[in-house]
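One point on numbering: in the working numbering, the residue at position 797 of the sequence shown is 817, and numbering is uninterrupted.
Cβ coordinates follow ideal geometry from the N, Cα and C atoms, glycine included.
From a predicted model like this one, the values you see are computed outputs, not experimental measurements.
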Amino acid sequence: MTAPQQDDSRKLKLQKILNLLAKGTLTTVVVALILVTFLLAGIDRMVAQLELKTYDLRAQMQWGEVTKRPSPDILILQFDDSSLNVLNDEFGVWPWPRDVHARMIHFLNRTGVRSLIYDIMFVSHRKGSEDADQKLIDAFKHYNNVFLSMNFDNELLQNQKLGKDMTPKDIENLLPLAVEVRSELNQASANNMLKLERNGRDGTVFFDNDHMTFNHYRSIMDELLLTGRNIGIINHGADFDGVSRSNPLLFRFQYQPFIQTSHRPLTQKGGHWYDSQGNRTDADGYLFARTEYLPVVKLKEGHYEDHNPTEPKAVDAQGYLVDDYGNLIYARQPHYEYKYFPYLGLRAVLDLKFPHQKPVLTLTKDGHLQFTDYDIPLDESGNFLVNWYNVNIRRDEYTQTLRDLKVYYAYLTQTIEETEKQPQKNAKTSGELRQLKLKHQKTESIITLLEAALNSKYVPQPYKMISAWEVIRTMKKEEAGLPLNEEDEALKKLLKNKIIFVGATAVGAYDIKNTSIYPTMPGVVLQANLFDNLYQNDKRYLQRVPPYVNFSLTLLICLLAAWSSFKMRSPLAGVLITANISVLYVLFTIVMYQSQHLWVNVAMPMLCLVITITVTFMLKYFFRNQDYEKTYALATTDSMTNLYNHRFFQDHMRRSVDQANRFKHKFSLLLIDIDFFKKFNDTYGHQAGDEVLRHVARKLKKNVRNVDVVARYGGEEMAIILDRANEEEALAVAEKIVKSVAEEAYAIAEGVAKHVTISCGVATYPTHGEAPSELIEFADGGLYRAKENGRNQVGTQYKTENACMTSKPENTNPTDGYSECVPSEYPSPDTAH
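Pasting the structure below:
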C-alpha cells in the first residue's frame with residue numbers, strides 16, 4: 021500500500037470514529053434533555069411510584085426455597101372476631117378490662133413462653149377500673165419478658181393549645197427508655213445520596229425523615245413508664261403512596277429542657293411554690309415562664325396581658341405566662357436536645373439477644389445501623405426495608421387443605437343439627453354442643469381466609485395464629501383447678517419457649533396496614549414480620565443497591581439497545597432485541613431480589629430504555645436520510661461545477677414534458693456552450709479550464725430562479741430548464757445570462773484575469789417540440805447558429821443579416837476569438853418556424 025493510500029485509509033477510519041462519536045454524543049444529549057424535561061414536569065414522582073409497584077410485584081413472587089421463611093419461634097396471639105364474640109358476655113365489648121391481660125401474662129409465663137410483645141397500648145387509667153389497671157401494672161413489673169408499646173407524634177403545639185402541655189415529669193418518665201446512639205454520619209454520607217440534617221446544639225447528624233423525628237408522645241400509664249424498660253415505639257412508616265415497605269428502627273425525640281431553680285429552699289405560699297428569689301415553681305422546683313414586659317394590664321376579670329408592643333401575651337396577675345386554658349407555662353431552655361428510642365421489634369431483639377448488656381447503636385457513615393455482630397442496612401431516609409416472610413402460597417397444598425376443611429365443616433354442620441334435634445339435653449350435651457359450634461365457627465373463618473388467599477395468590481399471615489379464646493379457656497381451667505384435656509395440653513406445649521406477639525385482628529378493632537403483599541394486613545402481623553427480620557440476623561437484609569449501580573445498569577442496557585438498533589438494518593429486529601434486553605433485565609432484578617435480597621430499580625431503566633430506543637430510531641432515520649441525501653447528491657450532481665449531471669437533466673426533461681402536457685403549460689430549454697474553451701485549456705492549462713467551468717456555473721445559477729434546473733450537459737456545454745417560461749421569457753433570460761457572463765473578467769491563473777463569453781440556444785415546449793429529443797435538437801440548432809454568427813449571443817435556427825454576438829466585452833482583441841458585428845434581431849415567436 022502506497023503512502024497516499026495509507027493516508028486515505030487512516031482518514032477513513034478517523035471519519036468512522038468521529039461519526040460514531042457524533043451519533044453517541046447526540047443520542048446521549050437528546051436522552052438527557054428528555055429526562056431533564058421529565059424531571060421538571062414532575063414525571064420523576066410517577067416513575068418513583070411505578071418503581072414501588074414493581075417492588076410489590078417482586079415481593080409477591082414465589083421463588084422456591086430461596087424465599088426467606090418465618091422463624092418457628094414466633095407465634096401471634098390474636099384477639100379475633102371469634103374471641104370477641106365468644107367472650108363478649110363475660111368481658112364486655114372491646115377493649116376488655118386490663119386484669120384479663122394481667123391474668124393472661126401470668127398464665128403464659130407459667131406455660132414457659134420466652135417473651136410477650138404487646139402491639140396494644142395501655143394509655144392512661146380507666147375510670148372505675150383502677151384495680152384492673154393495677155393488676156396489669158403489677159404483672160408487667162413482675163416479669164422481665166413482657167414488652168409494651170407506645171407511639172410518638174408531632175402534636176406538641178396542638179396539645180399546648182388544649183392545655184395539655186408536657187410536664188417535666190413526663191420528660192423524666194420518658195428519658196430512661198432512650199438508648200445510646202453514636203452517629204458517624206457526615207458530609208461524605210450526604211454525598212452518598214443519604215438525606216441528612218444536623219441537630220441544632222450538639223451537631224449530631226441524623227436522617228431527615230418526618231417519620232423518625234417527633235416532639236410529643238402519647239403516654240401510657242405512668243406506672244408502666246416508670247419501670248424504664250421493655251417499652252418500644254410502634255410508629256408506622258409508609259411511602260408516599262400509603263404502602264408500608266419500610267419502617268424506622270430508631271426515632272429521634274426532640275424537646276426543650278425544663279429549667280430547675282438554683283435558688284432553694286422552696287416555700288409554699290397560698291398553695292403555690294416559690295424559690296428563695298420569689299420565682300414561681302412547681303413542687304419539684306421547675307420554673308414557670310414570666311414575661312419581661314411588666315407591669316401587666318388587666319383586660320377583664322381574671323384575664324391579664326403584658327406590655328409586649330408587638331405581640332402581647334396572656335399572663336396571670338403576677339405576670340406569669342398562661343395558655344388558653346389559664347395553665348401556667350413552664351420555662352424552657354432556648355435550645356433543643358435529642359434522645360433516641362428504638363422500635364418495638366428492635367427493643368425486643370436487644371433484650372432477648374443481649375439481656376446483660378446495653379449495646380451502643382452506631383449509625384455508620386454509609387447509612388448502616390451497627391451493634392455487636394449486627395450490621396443492618398438502611399435506605400437513604402434511614403428506614404429499614406422489610407423482607408416479607410413466607411408471603412407466597414403453595415396452591416396445591418392449600419387447595420387440598422381447603423377441600424379437607426370443607427368436608428370437616430359439613431361434618432360439623434350435620435353433627436350440630438343432629439345434636440340439637442335430641443329431645444333430652446343435659447349439661448354434658450349442652451357443653452359438647454357449645455364446643456361444636458365454636459369449632460364450626462373457627463372452621464368457617466379459616467375457610468374464608470384460605471379462599472381469599474387463593475384468590476389473591478398469597479398468604480397474608482405467615483405465622484401461627486392462636487385465638488385468645490383458646491388461651492383464656494385453658495387459663496380459666498387451670499385457675500379453677502380443673503383437669504386439662506388433650507387440646508389444652510397441646511396448646512401449652514405449643515406456647516412453650518415461643519416469642520408471642522399479642523394484638524387485635526378483629527374487624528374494626530385493629531390498625532390496618534397497607535403493605536406490599538397484602539392491602540389489609542393486621543398491625544400485629546407487620547410487627548412480628550419486622551421483628552423476625554432482626555431476630556434471625558441471617559445477614560440477608562433487604563437493601564436497595566447504591567444509585568451509581570442503578571445508573572451503571574441503566575447506562576449499560578441503554579447502550580446495548582442503542583448499539584443493536586444502529587447495527588440492525590431492520591427496525592423490527594432492533595425492537596425485538598430491545599424487548600429481549602428489557603425482559604432479561606427484569607428477570608435479573610427478580611433474581612437479585614429473591615436470591616441476594618437486593619432491590620434493583622426497574623421503572624427508571626425501562627423508561628430510559630424506551631426513550632433511548634425511540635431517540636435511536638429517530639436519529640437512525642435522520643442519519644440514514646442524511647446518507648441518502650448525500651448519496652443522491654453524488655449520483656445527480658457534477659462534482660466539478662456542483663450542477664446537476666447529464667442523467668438528472670434527462671430525467672427532469674422527461675418529467676417536465678409530462679407535467680407540461682398534463683397541466684397544459686409551457687417550459688423552455690437553454691443550451692449553453694463556453695466560447696473558445698479549448699483555447700483556454702491549451703493556453704492556460706486544464707486547471708484554468710476547470711476554473712472557467714466553475715465561474716460560468718456560478719453565473720448561471722445566480723441568474724435563474726430556484727425552481728429552474730441548471731445542469732452540465734457535457735464538456736463545456738451546460739443546460740437550463742426554465743419552469744413555466746414561454747418563448748419571450750426564455751429569450752430574455754438567455755440574453756441576460758449571456759450579458760452577465762461577458763461583463764466580468766475571471767481570475768483563471770495567478771495574476772491572469774480573462775473575459776469569458778458563452779453562446780446559447782433556446783427551445784420552448786411545445787412550440788419547438790413535444791419530446792425531449794426534439795427540444796434538445798432545436799436548442800442545439802440555435803446554439804450552432806450562435807456559434808456560426810460570431811459567438812457571445814443567443815442564436816436561432818434562422819439566419820439573419822444582423823445575427824452576431826449580443827454583447828462585446830471591453831478591451832478585447834482579435835486573438836481572443838471575437839469578431840465585430842452589430843447585435844442580431846430575434847425573430848418573433850410567430851415567425852420562428
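message: Contact between the segment 530-543 and the segment 359-376 is defined here as three or more beta-carbon pairs at a separation below 8 Å; is this criterion met?
response: no
Closer than 7 Å to chain C by CB, S401: Going by chain labels, chain C is absent from the structure shown, which holds only one protein chain.
message: Rounded to the nearest angstrom, what separates L859 and E204 at their Cα positions?
response: Because the chain spans 21 through 853 in this model, residue 859 falls outside it and cannot be assessed.
message: Which residue wins for smallest C-alpha separation from V106, given the options L456, I137, P285, A754?
response: L456
- request: Pull up the distance between the alpha-carbon of D190 and that of E71, whole angstroms please.
  value: 42 Å
field: Sequence ranges, alpha helix (DSSP H) only - wholly within the segment 110-197, length at least 4
entry: 118-130, 150-162, 176-181, 188-194
query: So, helix, strand or coil for Q35, using DSSP?
result: Three-state result, Q35: helix.
message: Run through the DSSP bridge pairs and tell me what C780 is partnered with.
response: I692, V814
query: Shortest alpha-carbon distance to P285 belongs to which of F278, D302, P354, L269?
result: D302
Short Cβ contact (7 Å threshold) for S520 with L95: According to the sequence displayed, residue 520 carries Ile and not Ser. A contact, by the Cβ cut-off of 7 Å.
task: Please go through the same chain and pick out, in chain order, the residues whose beta-carbon is closer than 7 Å to the beta-carbon of K721, but skip the five residues on each side of it.
output: Counting only Cβ-Cβ distances below 7 Å, and skipping sequence neighbours, we find V730.
Under the three-state DSSP convention, the category I740 falls into: I740 falls in the strand class under three-state DSSP.
field: Same chain only: Cβ atoms within 8 Å of Y766, ignoring 5 sequence neighbours per side
entry: Excluding positions up to five away in sequence, the list reads E711, V712, H715, A773, K774, H775, V776.
Alpha-carbon to alpha-carbon, A334 and Y350: 14 Å
- request: Could you tell me whether the Cβ atoms of L511 and T494 are closer together than 7 Å?
  value: yes
field: Span separating the alpha-carbon of S487 from that of Q563
entry: 35 Å
Extent of the continuous alpha helix (DSSP H) run through N255: No residue range can be given for N255, since it is assigned to no alpha helix (DSSP H) and is classified by DSSP as neither H nor E.
- prompt: Could you give the C-beta distance for N235 and L176, rounded to a whole number, given that I count them as a contact under 8 Å?
  reply: The Cβ separation is near 4 Å, so the contact holds.
- prompt: So the beta strand (DSSP E) G734 belongs to, where does it begin and stop?
  reply: 729-734
query: Given a threshold of 16 other Cβ atoms within 10 Å of its Cβ, counted over all protein chains shown, does E790 qualify as buried or as exposed?
result: exposed
query: Hey, how far is the Cα of R644 from the Cα of F571?
result: 30 Å
query: G594 lies in the alpha helix (DSSP H); which residues open and close that run?
result: Element bounds for G594: 591-616.
task: Excluding the 5 residues preceding and the 5 following T636 in the sequence, name in chain order all residues of the same chain whose CB lies nearer than 8 Å to its CB.
output: These residues qualify, in order along the chain: T47, A581, A582, S585, F586, G594.
- request: Pull up the distance between the alpha-carbon of L592 and that of A655, whole angstroms please.
  value: 30 Å
query: According to DSSP, what are the bridge partners of Q563?
result: L618
- prompt: Under three-state DSSP, which class holds H666?
  reply: Residue state, collapsed to three classes: helix.
query: Tell me which same chain residues have a C-beta within less than 6 Å of the C-beta of C628, skipping the five on either side of it?
result: T574, C578
field: C-alpha distance - D336 paired with A258, whole-angstrom precision
entry: Cα to Cα, the separation comes out at about 44 Å.
- prompt: In angstroms, rounded to a whole number, what distance separates the CA positions of G815 and R674?
  reply: 24 Å
- request: From the DSSP output, in three-state form, read off N549 for me.
  value: helix
query: Between the C-alpha atoms of L663 and V603, what's the straight-line distance to the nearest angstrom?
result: 52 Å
message: In the DSSP output, what is H292 paired with across the bridge?
response: K289
field: Stretch pair the segment 260-279 + the segment 340-358: three plus CB contacts closer than 8 Å
entry: yes
query: Using the rule of at least 16 other Cβ atoms within 10 Å of the residue's Cβ for burial, across every protein chain shown, is Y785 buried or exposed?
result: Classified as buried, Y785 has 16 or more neighbouring CB atoms from the shown chains inside 10 Å of its CB.
- request: With a cut-off of 8 Å on the beta carbons, I'd call A799 and G781 a contact; round off their distance for me.
  value: Right, their Cβ atoms sit about 4 Å apart.
message: Do T439 and L453 have their beta-carbon atoms positioned less than 7 Å apart in this structure?
response: yes
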